[in-house]
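Numbering (the numbering used here), first residue to last: 1 to 342.
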Amino acid sequence: SEGDNELSEDELGAGGGGAGHACNITHLGPFGLSSNLTSIGCALALPRRANVSVMMTELTLDARWLTFNVRMCFAFMLGMHLSVSVALLFCSWVLLPPLWTGLHVLWFLVVIVPLLAVSLLFSPRESNMIKLMFSKNTNHLKNFNRFVAYFAVRFLPSCAAAVLLYALALHSLCGGDGVSGCTVLIAGGDDVPKGAGDYTWSGWSSVRRHGLFLAQNVTLFFFVLWAALHSMSCVHRTLSLRVYRPYENRVWLVSCVAALVLQAAFCAVSIWVTRPSDDDPGAVSYSMSDLDWYVYAVGFAWCVPLVGVNEMTKRHDRRLFVRFQKRTKLLFGTKLGLHSPV
């Protein structure tokens with residue numbers, strides 16, 4: 001009939017066969033039913049009389065902002081993964097006992113880092129994103145040198161600070177346990193190996209193993225705190241904290257609190273589980289109060305220069321980004337369509 005041949009806007013809705021379509025299936029004519037069945041497999045179905053230009057602009061804006069956030073998410077994850085490797089390497093170079101165990105590394109890389117990184121995808125969208133100019137993706141390694149430079153400036157100091165904090169924690173425990181022959185370095189003291197399998201890291205893997213676990217867990221907790229501050233600078237790539245406030249991303253704020261709470265619980269359980277048993281009278285038991293005040297002072301004090309270094313790096317990147325935008329817009333104005341962002 002004539003009513004069946006005329007399609008209403010509701011009959012050509014923008015779904016793809018959802019629950020709303022199932023509720024109105026009895027009110028559809030043959031053409032409306034055919035339209036809904038055809039659009040079941042479509043990710044995007046445009047309703048009739050829709051402003052395609054506005055919808056495509058919004059779709060492009062959402063896609064750009066999601067890509068922008070994904071880029072920062074993977075940059076943060078890559079930086080933290082490399083930081084763990086570099087920190088372990090630094091610790092071996094200065095002849096300290098292992099900075100973290102395999103369980104610590106697995107916990108940090110599988111639980112903490114993804115928790116902080118995924119929250120970066122939920123940063124609020126900016127309306128001027130559609131006006132930004134981007135270069136053509138013809139050289140995939142053109143930003144490699146810039147990433148290496150930014151990693152060296154933003155992440156390497158935290159790796160060195162973690163090793164320093166770990167050494168201070170071992171020195172603090174070594175001076176207050178009352179056991180003779182204690183040394184921080186694994187190559188010092190009287191506990192030099194005489195054969196394969198005799199190495200006990202100057203007693204840190206035998207009588208002082210609980211102190212070793214305590215120092216490792218305290219260092220890991222502060223490293224997670226610094227990772228949360230690193231993620232704060234990754235909420236937006238170029239804007240400073242004064243312009244783009246990170247707490248506007250509520251998901252990131254909740255993720256940071258959850259990461260710190262989970263890490264505190266992990267450290268508490270790890271320290272409690274690894275305490276010496278009564279069957280091992282020679283082992284020394286330690287607690288958080290055995291650490292000197294300067295250990296906590298260094299851990300919390302590093303947060304201030306860490307944020308400052310990240311802000312200076314972002315300010316430098318902001319200048320380069322603005323310069324690139326001006327040059328690209330100039331090329332777009334003289335060679336129309338060559339660098340079109342749409």
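Ideal placement from N, C-alpha and C gives every residue a C-beta, glycine not left out.
As the structure is a computational prediction, the values presented were derived from the model and not from experiment.
Report back the beta-carbon spacing between residue i and residue j to the nearest angstrom; my notes put them in contact at under 8 Å.
| i | j | result |
| --- | --- | --- |
| A169 | A215 | 4 Å |
| L109 | W226 | Not confirmed; about 15 Å, so no contact. |
| W252 | L120 | 7 Å |
| N310 | P124 | Contact doesn't hold; Cβ gap of about 20 Å is too wide. |
| R275 | S289 | Between S289 and R275 the Cβ distance is about 14 Å, and since that is not below 8 Å, they are no contact. |
| V118 | V105 | Incorrect: roughly 20 Å between the Cβ atoms, too far for contact. |
Please report the distance separating the alpha-carbon of residue i from that of residue j.
| i | j | result |
| --- | --- | --- |
| L59 | H230 | 30 Å |
| L220 | H316 | 30 Å |
| S240 | K314 | 7 Å |
| M232 | P246 | 6 Å |
| L89 | F151 | 16 Å |
| R49 | L37 | 20 Å |
| R318 | V86 | 27 Å |
| G308 | N128 | 27 Å |
| C234 | R242 | 14 Å |
| E2 | S34 | No answer about E2 holds up, because its pLDDT of 42 lies below 50 and its placement is not dependable. |
| V70 | M77 | 11 Å |
| L331 | R323 | 13 Å |
| G211 | C256 | 28 Å |
| V54 | F74 | 30 Å |
| N145 | F134 | 19 Å |
| F300 | C159 | 15 Å |
| A297 | R209 | 24 Å |
| V148 | L141 | 11 Å |
| V153 | M312 | 10 Å |
| F31 | T57 | 29 Å |
| V192 | Y244 | Because V192 sits at a pLDDT of 46, beneath the cut-off of 50, its placement in the model cannot be relied upon, and the following sentence gives the value as read from the coordinates. Cα to Cα, V192 sits roughly 54 Å from Y244. |
| A264 | A63 | 37 Å |
| S39 | T101 | 53 Å |
| L262 | N143 | 35 Å |
| K329 | H171 | 57 Å |
| T67 | S287 | 46 Å |
Following the continuous alpha helix (DSSP H) through residue i, name the residue where it begins and the one where it ends.
| i | result |
| --- | --- |
| H236 | From DSSP, H236 is part of no alpha helix (DSSP H); its letter is neither H nor E. |
| F74 | V52 to W93 |
| W100 | Run containing W100: none; DSSP gives neither H nor E here. |
| F155 | F155 -> no alpha helix (DSSP H), and no H or E assigned at all. |
| T38 | P30 to T38 |
| S270 | R250 to V273 |
| Y296 | W293 to A301 |
| V118 | V113 to V118 |
Would you say residue i and residue j are within 8 Å of each other, going by their C-beta atoms?
| i | j | result |
| --- | --- | --- |
| G41 | F155 | no |
| A259 | L82 | no |
| Q325 | L132 | yes |
| L343 | L291 | Since the displayed the chain opens at 1 and closes at 342, residue 343 lies outside it and no answer follows. |
| I130 | V224 | no |
| C91 | L99 | yes |
| A161 | W293 | no |
| V218 | V295 | yes |
| M72 | R327 | no |
| S270 | F213 | yes |
| W366 | F321 | One cannot answer for residue 366 here, as it falls past the ends of the chain, which runs 1 to 342. |
| L46 | V52 | yes |
| L96 | Y166 | yes |
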